[in-house]
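J.: Below: one structure in structure tokens.
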Amino acid sequence: MTIDWQTLNAYVDGELAPGEAARVAAAMARQPKLAARVATLSRLKAVANELQPPLAAPAPPLPPRRAPTTRQGLALAAAALAAVAILALWFWPASAPPGPLWLDSAVTAHLEWLARTPEGDGGAPQPVALDQTGTAGIPDLSEAHLTLVYVNLVPGRGQGHGLQLGYRGIHGCRVSLWIAEATAGLGETPAAVGATDVAGYAWRVGESGFALLARGMDPDRLRLLATTVARMTRQGQEQDAETRIALRQTTQTGAPCST
Amino acid sequence: MSRDRIEQALLENWTRLFGFALSLTGEAEAARDLLQLGALQALAARHQPDEAGALRAWLFRILRNAWIDQHRRAAVTARGQAAIAPDEPEVWHYDDRLIAEMTLREAVERLEPLHREIIALIDIAGFRYREVAAILDIPIGTVMSRVSRARLALLDAIGGNVHLLEAARRRPS
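Chains as they are written, first to last, in the numbering used here: chain A, 1 to 259; chain B, 260 to 432.
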């Protein structure tokens, strides 16, 4: 009885029907050379299954998260923060005091993104076709001429975990929306935060913390944008007319982004 | 709650997706960019499979399609046509002791892209043939023949690694 190479591979992969698998097994019992081939293939498959990428992924695998605790329709928090919350259960001591790390991670992530070449984050804004029905959860800032072009799950210990959403404007301005578990000191109203070269606003919605960061953006424009995004994260639903108008106003407030 | 499901699937498969992106691009930076683009497209999709396994396969398919879109389908087709390997081992001379993580990793990197892709999907990511057929948009029969040829090429590549090592040992220092 001849068992071809393709059938042997399918046997090792568990893809044969029971009758055919039995036929291969019976042939193996009679033909040691056939059994040797199956053993080789099995070892090949087993070792391959253990292979990890030789290089670090942009973010490590994250553990399964608990059921989202945010209310239905909460903006991106519903999609992202439950995972961050699980990470908190794993890594964050319950008594961890709030500190500057929360903001540092956000600023660092933003600066690292800025340091990438325009081509590095996809060049021109990617046509990701955001719309209100298809992307409930991710703030759609297209009315502000900002296109989502970058998603970055930032690993780290303690308060360093977070999700970064990167938006690019038509003049090249880049804005990060940082989402992580809220830390003490974050209020519900957007408050100005800043670091060298980077300005922004941070706020909380329930257990979720947000920071909107940019470099070189007109202060008035940044404040209006942050206020509007904060409203969107609180509402977490389809954009209403007031939100759309506010987003459009950001493009007419202050000077264009200088970065 | 579809976005929850997509993001959870992304998180759970992040490393595997990156490995698959690496198998497609062969370059770390390009793989990272491809992964970013695939994640964006997945998060922006209006519709996605309900079943968890199908959702996982869907993510890999998005990644692959993004790669194809970047490099044009014609180039991918040409690449596939170039990957011709024998159907059966001509001489069985493989030593199972040589199949270890290091030799296998090096061998995978030396495979034709088409072979590397299917090894990444079936052996590394653990997909079933029918799932791979859906990801690659090819018949199951083609998956069967492709993976058997890819494994043959992989075994030959592992053997080649050993030959190189032996040659190096024999070389006078």
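Each residue gets a CB set at the ideal place from its N, CA and C atoms; glycine is no exception.
Is the CB of I138(A) under 8 Å away from at least one CB in chain B?
T.: Translated into the one-based positions of the first sequence, residue 138(A) becomes position 138. So yes, I138(A) belongs to the interface.
J.: For L271(A), which of helix, strand or coil comes out of DSSP?
T.: Look at the range of chain A in this structure, 1 to 259, and you will see that residue 271(A) is not part of it.
J.: Hey, is L380(B)'s beta-carbon within less than 8 Å of any beta-carbon in chain A?
T.: Residue numbering aside, residue 380(B) sits at position 121 when the second sequence is read from its first letter. Chain A, which has no Cβ nearer than 8 Å to the Cβ of L380(B), makes this no.
J.: My assumption, with CB atoms under 8 Å, is that S376(B) sits in contact with L270(B). Please give the rounded CB distance.
T.: The count along the second sequence starts at 1 and reaches residue 376(B) at position 117. The count along the second sequence starts at 1 and reaches residue 270(B) at position 11. Position check: residue 376(B) holds Glu in this sequence, whereas Ser was assumed. Rounded, the Cβ-Cβ distance is 23 Å, inconsistent with contact.
J.: Taking all protein chains shown into account, do 16 or more other C-beta atoms lie within 10 angstroms of the C-beta of A303(B), making it buried, or fewer, making it exposed?
T.: The residue given as residue 303(B) occupies position 44 in the second sequence. Counting Cβ neighbours within 10 Å, A303(B) comes out buried, since at least 16 surround it.
J.: Under 7 Å, CB to CB, which of the residues in the segment 42–56 of chain A have a partner in chain B?
T.: R43, L44, K45, V47, A48, N49, E50, L51, Q52, P53, P54, L55
J.: Mind listing which residues of the segment 273–285 of chain B have their C-beta closer than 7 Å to chain A's C-betas, in chain order?
T.: W273, T274, F277, G278, L281
J.: According to DSSP, simplified to helix, strand and coil, what is T284(B)?
T.: Looking up residue 284(B) in the second sequence gives position 25. Three-state DSSP puts T284(B) in a helix.
J.: When DSSP labels each residue in this structure, what does R275(B) get in the three-state scheme?
T.: Indexing the second sequence from 1 puts residue 275(B) at position 16. R275(B) falls in the helix class under three-state DSSP.
J.: Decide if the segment 176–186 of chain A is in contact with the segment 103–117 of chain A; the criterion is three or more beta carbon pairs, one per stretch, under 8 Å apart.
T.: yes
J.: Locate the alpha helix (DSSP H) running through R116(A), then write down its first and last residues.
T.: For the purposes of this step, residue 116(A) is taken as residue 116 along the first sequence, with counting starting at 1. That residue, R116(A), is in no alpha helix (DSSP H); it is neither H nor E in DSSP.
J.: Could you tell me whether the Cβ of V406(B) comes closer than 8 Å to any Cβ of chain E?
T.: Of the protein chains in this structure, namely A and B, none is chain E.
J.: If I follow the unbroken beta strand (DSSP E) through R387(B), where does it start and stop?
T.: For the purposes of this step, residue 387(B) is taken as residue 128 along the second sequence, with counting starting at 1. Unbroken run through R387(B): none, as it is neither H nor E.
J.: Just checking my contact of L146(A) with I138(A) at CB under 8 Å: how many whole Å lie between their CB atoms?
T.: Counted from its first residue, the first sequence places residue 146(A) at position 146. Counted from its first residue, the first sequence places residue 138(A) at position 138. Not really, about 12 Å apart at Cβ, beyond 8 Å.
J.: Considering only the beta carbon of each residue, do Q235(A) and M403(B) sit closer than 8 Å?
T.: Here residue 235(A) corresponds to residue number 235 of the first sequence, with the count starting at 1. Here residue 403(B) corresponds to residue number 144 of the second sequence, with the count starting at 1. No. Outside cutoff.
J.: Nearest chain A C-beta to A359(B) closer than 8 Å, yes or no?
T.: For the purposes of this step, residue 359(B) is identified with residue 100 of the second sequence, where counting begins at 1. Output row for A359(B): interface = yes.
J.: Does DSSP put A241(A) in a helix, in a strand, or in coil?
T.: Position 241 of the first sequence holds residue 241(A). DSSP places A241(A) in helix when its eight states are reduced to three.
J.: Short of 8 Å in beta carbon distance, which residues of its chain neighbour L8(A), apart from the five on each side in sequence? Order them along the chain.
T.: Indexing the first sequence from 1 puts residue 8(A) at position 8. These residues qualify, in order along the chain: V24, L34, R37, V38, L41.
J.: Tell me where the beta strand (DSSP E) around A199(A) begins and ends.
T.: Indexing the first sequence from 1 puts residue 199(A) at position 199. Counting along the chain, the beta strand (DSSP E) containing A199(A) begins and ends at 198–205.
J.: Determine the direct distance from the alpha carbon of R215(A) to that of G172(A), and round the result to whole angstroms.
T.: Working through the first sequence from its first residue, we reach residue 172(A) at position 172. Working through the first sequence from its first residue, we reach residue 215(A) at position 215. C-alpha separation (whole angstroms): 11 Å.
J.: Using beta-carbon positions only, say whether F279(B) and F319(B) come within less than 8 Å of one another.
T.: For the purposes of this step, residue 279(B) is taken as the residue at position 20 of the second sequence. For the purposes of this step, residue 319(B) is taken as the residue at position 60 of the second sequence. Going by C-beta atoms, F279(B) is nearer than 8 Å to F319(B).
J.: Helix, strand or coil: how does DSSP classify Q132(A) here?
T.: Numbered from 1 along the first sequence, position 132 holds the residue referred to as residue 132(A). At Q132(A) the pLDDT is 35, less than 50, meaning the model places this residue with poor confidence and gives no usable figure here.
J.: Give the interface partners of L148(A) over in chain B, defined as CB-CB distance under 8 Å, in chain order.
T.: Taking the first sequence and counting its residues from 1, one reaches residue 148(A) at position 148. Correct list: L299, A303.
J.: Compute the Euclidean distance between the alpha carbons of E15(A) and V406(B), then round it to the nearest angstrom.
T.: As a position in the first sequence, residue 15(A) is number 15, starting the count at 1. As a position in the second sequence, residue 406(B) is number 147, starting the count at 1. E15(A) and V406(B): Cα-Cα distance of roughly 12 Å.
J.: If we cut at 8 Å on Cβ distances, does A10(A) have a partner in chain B?
T.: Taking the first residue of the first sequence as 1, we reach residue 10(A) at position 10. A10(A) counts as touching chain B.
J.: Tell me the DSSP bridge mates of W178(A)?
T.: As a position in the first sequence, residue 178(A) is number 178, starting the count at 1. Under DSSP, W178(A) forms a beta bridge with Q164(A), A211(A).
J.: Under 7 Å, CB to CB, which of the residues in the segment 193–220 of chain A have a partner in chain B?
T.: none
J.: Using CA atoms only, rank isn't needed, just tell me which of N152(A), A184(A), A29(A), L114(A) is closest to H161(A).
T.: Within the first sequence, residue 161(A) is the residue found at index 161, counting from 1. The candidate whose alpha carbon is nearest that of H161(A) is N152(A).
J.: Just verifying my parser: in three-state terms, what is the DSSP assignment at T253(A)?
T.: To locate residue 253(A), count along the first sequence from 1; it is residue 253. Of the three classes helix, strand and coil, the one that applies to T253(A) here is coil, per DSSP.
J.: Distance, Cα to Cα, A480(B) vs P53(A)?
T.: With chain B covering only 260 through 432, there is no way to say anything about residue 480(B).
J.: Determine, using beta carbons only, whether V38(A) comes closer than 8 Å to chain B.
T.: Start at 1 with the first residue of the first sequence, and residue 38(A) comes out as number 38. It does not: the Cβ of V38(A) has no partner Cβ on chain B nearer than 8 Å.
J.: What number of angstroms, rounded off, separates the C-alpha of P32(A) from the C-alpha of A379(B)?
T.: The residue labelled residue 32(A) in the question sits at position 32 within the first sequence. The residue labelled residue 379(B) in the question sits at position 120 within the second sequence. Distance between the alpha carbons of P32(A) and A379(B) is about 29 Å.
J.: Quick check on DSSP: helix, strand or coil for T227(A)?
T.: Taking the first residue of the first sequence as position 1, residue 227(A) is located at position 227. The answer is helix: DSSP assigns T227(A) an H, G or I state.
J.: What are the boundary residues of the alpha helix (DSSP H) that includes G312(B)?
T.: Against the second sequence, residue 312(B) aligns to sequence position 53. Counting along the chain, the alpha helix (DSSP H) containing G312(B) begins and ends at 311–330.
J.: Can you give the beta carbon distance from A180(A) to Y201(A), rounded, assuming they're within the 8 Å contact cut?
T.: On the first sequence, residue 180(A) is found 180 positions in, with the first residue counted as 1. On the first sequence, residue 201(A) is found 201 positions in, with the first residue counted as 1. A180(A) to Y201(A), Cβ: 15 Å. No contact.
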